[in-house]
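*Asks:* Right, I'll just put the structure down here and ask away after.
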Amino acid sequence: MALELDRNSGFVSLRRSLIWYTEGQTQIAPDADVVVIVSSKTGYFVDVRFLKESGELEWAFAGYKENRKNQETRFVHLIDSRTIDVSQVEDIGISSQHPTDLTLTYERGRMLNPGTSKLEDFEELWSDEQPQSVLILRSQNENTATQEWIAQSDTWQIGIIRTGKGVENNSLTDLKVWMYTRMHNELVVKHIFPDDTNGEISAHEFKVIRLETTELGPQIEWEGKVWEVLS
8 MALELDRNSG FVSLRRSLIW YTEGQTQIAP DADVVVIVSS KTGYFVDVRF LKESGELEWA
68 FAGYKENRKN QETRFVHLID SRTIDVSQVE DIGISSQHPT DLTLTYERGR MLNPGTSKLE
128 DFEELWSDEQ PQSVLILRSQ NENTATQEWI AQSDTWQIGI IRTGKGVENN SLTDLKVWMY
188 TRMHNELVVK HIFPDDTNGE ISAHEFKVIR LETTELGPQI EWEGKVWEVL S
């Protein structure tokens with residue numbers, strides 16, 4: 008039996024399967040996405056999803072978890088690649104552990120199905136990892152309506168940037184999303200949006216945050232900006 012994760016610490020979740028319940032019909036198919044979520048012990052998270060075959064951005068969002076009754080969790084979106092009006096996003100799930108493998112988690116709930124553009128019931132299976140450290144940072148500029156999120160663990164860094172230029176028309180032209188991992192002590196780009204760099208992410212986004220979380224205060228200066236520490 009696998010060891011149980013410490014849910015009071017940060018962790019990384021990788022989605023293993025997804026089932027949609029569309030108009031009473033169960034839609035079972037191989038998961039078309041690669042999904043990585045980095046969650047902090049404070050309840051903040053960054054969630055990035057790309058299509059496996061094409062590498063296109065499927066969804067990216069970040070925010071915090073709000074625990075409710077009966078193991079129900081509301082995922083409050085503070086930034087979302089699909090919409091500017093995050094107050095209209097409904098994302099609620101109920102999680103339970105796998106009966107024999109405590110590193111696996113079932114989640115069932117209700118969210119927007121991109122295939123039908125409707126709110127539908129779903130069930131997901133997640134594989135959870137306990138890294139040595141998790142760091143989530145957020146930088147906001149009210150003058151330019153820019154919001155940036157970076158989440159990093161021992162083996163992953165994912166991030167979302169949205170500038171105010173695309174706010175009025177809800178465009179994706181001023182959105183950046185990336186996902187990379189560390190393999191054999193080398194940094195490897197998994198996915199990036201927009202993919203206009205031939206697989207090379209810009210120097211700003213690709214830099215590893217070389218900071219010890221034990222030394223961090225509520226804010227830090229990094230890359231010429233002030234960042235909130237949400238770990």
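Residues 8 to 238 (my numbering) make up the sequence shown, in order.
Quick reminder that beta carbons are idealized off the backbone N, C-alpha and C, glycines included.
Measuring alpha carbon to alpha carbon, tell me which residue in GLU235, GLY116, ASN150, TRP185 is nearest THR29.
*Replies:* Taking the sequence shown and counting its residues from 1, the one referred to as residue 29 is at position 22. With distances taken between Cα atoms, THR29 lies closest to GLY116.
*Asks:* Measure from the alpha carbon of ASP98 to the alpha carbon of each residue in SER46, THR112, ASN120, ASP40, then state which is nearest.
*Replies:* Taking the sequence shown and counting its residues from 1, one reaches residue 98 at position 91. Nearest C-alpha to ASP98: ASN120.
*Asks:* Is the CB-CB distance between GLU114 and GLU131 below 7 Å?
*Replies:* Along the sequence shown, one-based indexing puts residue 114 at 107. Along the sequence shown, one-based indexing puts residue 131 at 124. Yes; because the gap between Cβ atoms is below 7 Å, this pair is in contact.
*Asks:* Quick check on ILE199: buried or exposed, where buried means 16 or more other Cβ atoms within 10 Å of its Cβ?
*Replies:* On the sequence shown, residue 199 is found 192 positions in, with the first residue counted as 1. Under this definition ILE199 is a buried residue.
*Asks:* Around the C-beta of ARG145, are 16 or more other C-beta atoms found within 10 angstroms, so that it is buried, or is it exposed?
*Replies:* Locating residue 145 in the sequence shown gives position 138, where the first residue counts as 1. Classification for ARG145: buried.
*Asks:* Are the beta-carbon atoms belonging to SER160 and VAL184 less than 7 Å from one another?
*Replies:* For this step, residue 160 is matched to residue 153 along the sequence shown. For this step, residue 184 is matched to residue 177 along the sequence shown. No, they are not a contact pair.
*Asks:* Check each candidate in TYR51, VAL55, VAL42 and name the one with the smallest Cα separation from ILE143.
*Replies:* For the purposes of this step, residue 143 is taken as residue 136 along the sequence shown, with counting starting at 1. That would be TYR51, whose Cα lies nearest to the Cα of ILE143.
*Asks:* Out of LYS72, GLN137, VAL55, which one is the CA nearest neighbour of LEU182?
*Replies:* Residue 182 sits at position 175 when you count from the first residue of the sequence shown. Comparing Cα-Cα distances from LEU182 to each of LYS72, GLN137, VAL55, the minimum goes to VAL55.
*Asks:* Give, in chain order, every unbroken run of the beta strand (DSSP E) that is at least 3 residues long and sits entirely within the stretch 57–135.
*Replies:* Within the stretch 57–135, the complete beta strand (DSSP E) runs of at least 3 residues are 64–74, 79–87, 99–104, 111–120.
*Asks:* For GLY50, does the three-state DSSP call read helix, strand or coil?
*Replies:* Position 43 of the sequence shown, counted from the first residue, corresponds to residue 50. GLY50 falls in the coil class under three-state DSSP.
*Asks:* When you compare each of LYS59, GLN137, GLY166 to ILE86 by their alpha carbons, which one comes out closest?
*Replies:* Counted from its first residue, the sequence shown places residue 86 at position 79. The shortest C-alpha separation from ILE86 is found at GLY166.
*Asks:* Does the beta-carbon distance from VAL41 to PHE57 come in below 7 Å?
*Replies:* The residue you call residue 41 lines up with position 34 of the sequence shown. The residue you call residue 57 lines up with position 50 of the sequence shown. Yes, the Cβ-Cβ distance between VAL41 and PHE57 is below 7 Å.
*Asks:* May I ask you to list the residues that DSSP assigns as paired with GLY166?
*Replies:* Here residue 166 refers to the residue found at position 159 of the sequence shown. BP columns for GLY166 point to ILE157, TRP185.
*Asks:* Under 7 Å between the Cβ atoms of ALA69 and TRP156?
*Replies:* For the purposes of this step, residue 69 is taken as the residue at position 62 of the sequence shown. For the purposes of this step, residue 156 is taken as the residue at position 149 of the sequence shown. Yes, the Cβ-Cβ distance between ALA69 and TRP156 is below 7 Å.
*Asks:* For TYR231, which residues in the same chain have their Cβ closer than 8 Å to its Cβ, ignoring the five residues on either side in sequence?
*Replies:* As a first step, residue 231 must be located in the sequence shown, where it is residue number 224. One point to set straight first is that residue 231 is Gly, not Tyr, in the sequence displayed. Once the five neighbours on either side are set aside, GLY231 has no close Cβ partner at all.
*Asks:* Taking DSSP's pairing of strands, which residues face SER146 in a bridge?
*Replies:* Here residue 146 corresponds to residue number 139 of the sequence shown, with the count starting at 1. SER146 is bridged to GLU155.
*Asks:* I need the straight-line Cα distance from LYS125 to THR90, nearest angstrom please.
*Replies:* Looking up residue 125 in the sequence shown gives position 118. Looking up residue 90 in the sequence shown gives position 83. When rounded, the distance between both Cα atoms is 15 Å.
*Asks:* Between TRP163 and chain C, is there a C-beta pair that is closer than 7 Å?
*Replies:* In the structure shown, chain C cannot be found, because there is only a single protein chain.
*Asks:* Between GLN139, PHE129, GLY62, ILE168, which lies nearest to SER88 when the distance is taken from Cα to Cα?
*Replies:* As a position in the sequence shown, residue 88 is number 81, starting the count at 1. Minimum Cα distance to SER88 is reached at ILE168.
*Asks:* Sorted by chain position, which residues of the same chain lie with C-beta nearer than 7 Å to THR151's C-beta, five sequence neighbours on each side aside?
*Replies:* Numbered from its first residue, the sequence shown carries residue 151 at position 144. Closer than 7 Å at the Cβ level, and outside the excluded window around THR151, lie THR170, GLY171.
*Asks:* So, is LEU237 buried or exposed, given that buried needs 16 or more other C-beta atoms within 10 angstroms?
*Replies:* Sequence index remark: in the sequence shown, residue 237 carries index 230 (1-based). Classification of LEU237: buried, given that the 10 Å Cβ count is 16 or more.
*Asks:* List the residues that DSSP assigns as beta-bridge partners of SER24.
*Replies:* Counted from its first residue, the sequence shown places residue 24 at position 17. Partner(s): LEU132.
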